[in-house]
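In the numbering used here, the protein residues as written are 1 to 954.
Data first, discussion second: the structure below is written as structure tokens.
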DNA sequence: ATCCTCCCCTAC
DNA sequence: TAAGGTAGGGGAGGAT
């Protein structure tokens, strides 16, 4: 799959130049008539759809879009009309239509693709006494039904429909459900909402266009239509997009031939008068006889339209809130989880993990099976097949719609009229119009008005990917998965098998099995086979024999080489290098000097078709992370903390899912650039600075709670206004397999902090005793008991022990307390390794950060600056009490110093002091013992010195 | 010289 | 409205 569709498209354009021995099963090149299509189709109302002979129909439209209507169409239309009448009549006679004729007097024209389909809507009209027009007539049609329309269609509707209501199909559905004709007003198409009230404002006071009843009806039924409204507005729920496909199948004829063009039988009038007349007619259905409209109605209309818009944004739980309330980080507590469920990039990014689980034995690589392909013995030539599905996302969703094969189709999240969704994948007919992955739907529709938009179907992608790999594994043992739709096959060892024939067989099987086409490249190494596939696309295959490599590469644009993205391309262009041939002129030294050792060598090799990689080199996972750079908008630190918490849970789950734990953690932040305005992309991150901080902890972890503490600490380093954050990511690296860490959970920092160090082991006092112990009375308590001591009234923060932390050995539900903040030596705390600081900070409920504001990046942290200003004692000099007010409340005895031994990031034992009380506690004990031992050693040294010196003197 | 951190670039 | 992720590789520069 190519996320950069321009790449594929450009290769199509180059096809004739760069194809060698190409076997293409798709002889008709879609790019041939590209220019022609662009010049003709875009200005018409989807003429391409039904046009068997595009040029003729287009020319007639170009000549006069709506007046030059042949007698054939008049005849055909009449015939269809009669046919509908006959059907309606027969169904009523046969008793099929026993329903209330709620649509009597209504005549709909369904324009474009709708859910439900035009045919289904026709069925409803038939059943409930309405009419369905196959072709648009301003005199017969009363309502235009559509889900969305491209801008040019909107213009045409505005010009020629005489102000007919343009409403969404849910109006029909909801009316049927309510068994009465509902007001169409709330169901107006959003694209026309801002326009229609203006018309209504003009007419309503005079003609009672929208009655009070209609308004009341709308208000009362507000909630009833909301649910379906949203579904209609965009797409079926994610995960259920096949419903969409099923529905479309029933109306394929409509899509192809009837629904697309607005055909007007009569000469254009297009005057304000006709507009007025039509709307007055409309009011017959909407006002239902009530003409008693108050003067303020006019002003209410605008509000109504706004209200209607809000209702479209119904959230999934049916709450009367804007969808936007739930589509960004601040308002949706499940934002992170939902986001990943719906992210196509997340799907692509995590596919490999799923593949590894699905094909555990096949995805481990073949490290020992052979060596470098270039080192193979004898004259055996390496043979690599690269196989890649064509426009995967689109192919999969339209695989059951052969009628759409040659129609422009794209996949994206939403076909909302606003058109601010991003095209993810476009098929080749769409690419011919300039539709590319990454452009907005509205731009895509401007380029290609009749573009069909499908939603994602991640389940189907997964399913097809599995079929794809089953076929590959069936034919070849050495398969290296690149992505869900792309793989390398080393077929060198398949003696007697012609690689080209094999590729053909595999492609054929893929098509038979999945209904999707794949392209293949065959060559002597991975680089060349991959390049060959680009040439072969779509639905073809290409073999590059060794002799042709130089010719092939000579004119190949450098951007085609893997590893050369837009940045490297620009850099090379500045050096007048545009093709591989030009790249070859530069020496390896020059390239390495300009681009670095590795990159320089890669450029030198690739420009000569040299690639030393071999199929099957699967590396161990080096990092696991989660990142969200969309919809991130925080209003306060609580939002950001909640978000970080969700992110930690996500990363924790991913680590656990992979059976690894991380020792190094990197927090990435996207910060809005100073002058960056709100991005064009809805909820996008826009122009950002990318910041990151990382820390390494002594013990690897996958514990969400620990991650949260670490992340909190990392987050503190940024010292950033949360309102400026546009994206956050957390990545774990220095991964260690859990297999090798069985039982190591007991060594986690959290556990360690809560446990009694072996060297401090003392007879434990029961929890009840601790709980009952008076505040400040810590006599004879072990280290964890000190940490767990009840001092809540002093510190104001308690640390709730996680019930899941069974390894801690603490009683579940026990609420431990910790030494009060005022008892800490901040000079020491401040200089703790970040991970320990993070842990302590969490234990103190995040208050430590506030108490010791600091930034790792700033050598002169706030707290240390404060300390210096106040002339407090340094760590070496003794304890520092940060809060003078609290200081006065504490007795001298409580100011005794204890040393807590803790593991530093280098696994060394480092002392840091915590103020605890009273003096007789194990820390003091330990300290005194240490002091005595140290003194003893010093004494011995002195004694020895005293003893040795005189000897020397003598 | 080597390692580490903080980036950036790239591919899918 | 919409869902701009994930992971690997590598370069620059600083610390050791």
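From the three backbone atoms N, C-alpha and C, an ideal C-beta is built for every residue, glycine too.
What separation, rounded to the nearest whole angstrom, lies between the Cα atoms of residue i and residue j?
i: residue 560; j: residue 569; result: 10 Å
i: residue 271; j: residue 338; result: Residue confidence is low: residue 271 scores 28 on pLDDT, short of 50, so the model does not pin down where it sits. Its coordinate-derived value is still stated next. Going from the Cα of residue 271 to the Cα of residue 338 covers about 49 Å.
i: residue 624; j: residue 168; result: 44 Å
i: residue 960; j: residue 725; result: The shown model of the chain, from 1 to 954, leaves out residue 960, and the question about it has no answer.
i: residue 120; j: residue 628; result: 40 Å
i: residue 510; j: residue 718; result: 50 Å
i: residue 808; j: residue 704; result: With a pLDDT of 26 at residue 808, under the threshold of 50, the modelled position of that residue is not reliable, and the figure given next carries that caveat. Residue 808 and residue 704: Cα-Cα distance of roughly 15 Å.
i: residue 436; j: residue 697; result: 44 Å
i: residue 208; j: residue 393; result: Per-residue confidence for residue 208 stands at a pLDDT of 24, beneath the threshold of 50, marking its modelled position as unreliable; the derived number appears in the next sentence. Rounded to whole angstroms, residue 208 to residue 393 spans 49 Å at the Cα level.
i: residue 497; j: residue 381; result: 13 Å
i: residue 123; j: residue 103; result: 12 Å
i: residue 715; j: residue 348; result: 28 Å
i: residue 728; j: residue 335; result: 13 Å
i: residue 733; j: residue 647; result: 16 Å
i: residue 513; j: residue 477; result: 20 Å
i: residue 657; j: residue 934; result: 49 Å
i: residue 340; j: residue 461; result: 16 Å
i: residue 1; j: residue 181; result: 47 Å
i: residue 699; j: residue 666; result: 15 Å
i: residue 564; j: residue 576; result: 15 Å
i: residue 144; j: residue 434; result: 30 Å
i: residue 474; j: residue 333; result: 45 Å
Are the beta-carbon atoms belonging to residue i and residue j less than 8 Å from one another?
i: residue 636; j: residue 722; result: yes
i: residue 661; j: residue 701; result: yes
i: residue 539; j: residue 406; result: no
i: residue 383; j: residue 533; result: no
i: residue 451; j: residue 410; result: yes
i: residue 632; j: residue 580; result: no
i: residue 615; j: residue 731; result: no
i: residue 522; j: residue 552; result: no
i: residue 547; j: residue 519; result: no
i: residue 516; j: residue 464; result: yes
i: residue 502; j: residue 387; result: no
i: residue 142; j: residue 107; result: yes
i: residue 146; j: residue 111; result: yes
i: residue 448; j: residue 430; result: yes
i: residue 176; j: residue 128; result: yes
i: residue 402; j: residue 427; result: no
i: residue 541; j: residue 507; result: yes
Please list the terminal residues of the continuous alpha helix (DSSP H) segment that includes residue i.
i: residue 580; result: 580-585
i: residue 442; result: 441-447
i: residue 472; result: 458-475
i: residue 176; result: 170-178
i: residue 126; result: 118-127
i: residue 147; result: It is not in any alpha helix (DSSP H) - residue 147 carries neither H nor E in the DSSP assignment.
i: residue 340; result: 335-342
Looking at the unbroken beta strand (DSSP E) that takes in residue i, where does it start and where does it end?
i: residue 664; result: 660-672
i: residue 188; result: Taken as a continuous stretch (DSSP letters only), residue 188 belongs to no beta strand (DSSP E), as it is neither H nor E.
i: residue 131; result: 131-133
i: residue 628; result: 623-628
Are at least three pairs of beta-carbons, each pair with one atom in the segment 690-710 and one in the segment 662-675, less than 8 Å apart? Taking 8 Å as the limit for Cβ pairs, the verdict is that the segment 662-675 does touch the segment 690-710.
Does the structure place the segment 517-528 close enough to the segment 600-618 that three or more beta carbon pairs sit under 8 Å? The segment 517-528 and the segment 600-618 touch, with three or more beta-carbon pairs separated by less than 8 Å.
How about the segment 702-710 and the segment 639-651: do they share at least three Cβ pairs that are nearer than 8 Å? Contact between the segment 702-710 and the segment 639-651 is present, because at least three Cβ pairs lie under 8 Å.
So, does the segment 470-485 touch the segment 436-453, judging by three or more C-beta pairs under 8 Å? No: the two stretches stay apart, fewer than three of their Cβ pairs being nearer than 8 Å.
Given 8 Å as the limit, is there contact between the segment 445-457 and the segment 404-417, that is, 3 or more CB pairs closer than that? A contact exists between the segment 445-457 and the segment 404-417.
Are there three or more Cβ pairs, one per stretch, closer than 8 Å when the segment 649-667 is compared with the segment 586-601? No, the segment 649-667 is not in contact with the segment 586-601.
In chain order, what are the residue ranges of uninterrupted beta strand (DSSP E) at least 3 long that sit wholly in the segment 379-443? Segments of the beta strand (DSSP E) lying fully in the segment 379-443: 384-389, 409-412, 423-426.
Can you give, in chain order, each stretch of the beta strand (DSSP E) that sits fully within the segment 682-747 and has at least 3 residues? Runs of the beta strand (DSSP E) spanning 3 or more residues and lying entirely within the segment 682-747 occur at 688-701, 725-733, in chain order.
If we require 3 or more residues per run, which beta strand (DSSP E) segments fall completely within the segment 512-591? The segment 512-591 contains these whole beta strand (DSSP E) runs: 518-523, 540-543.
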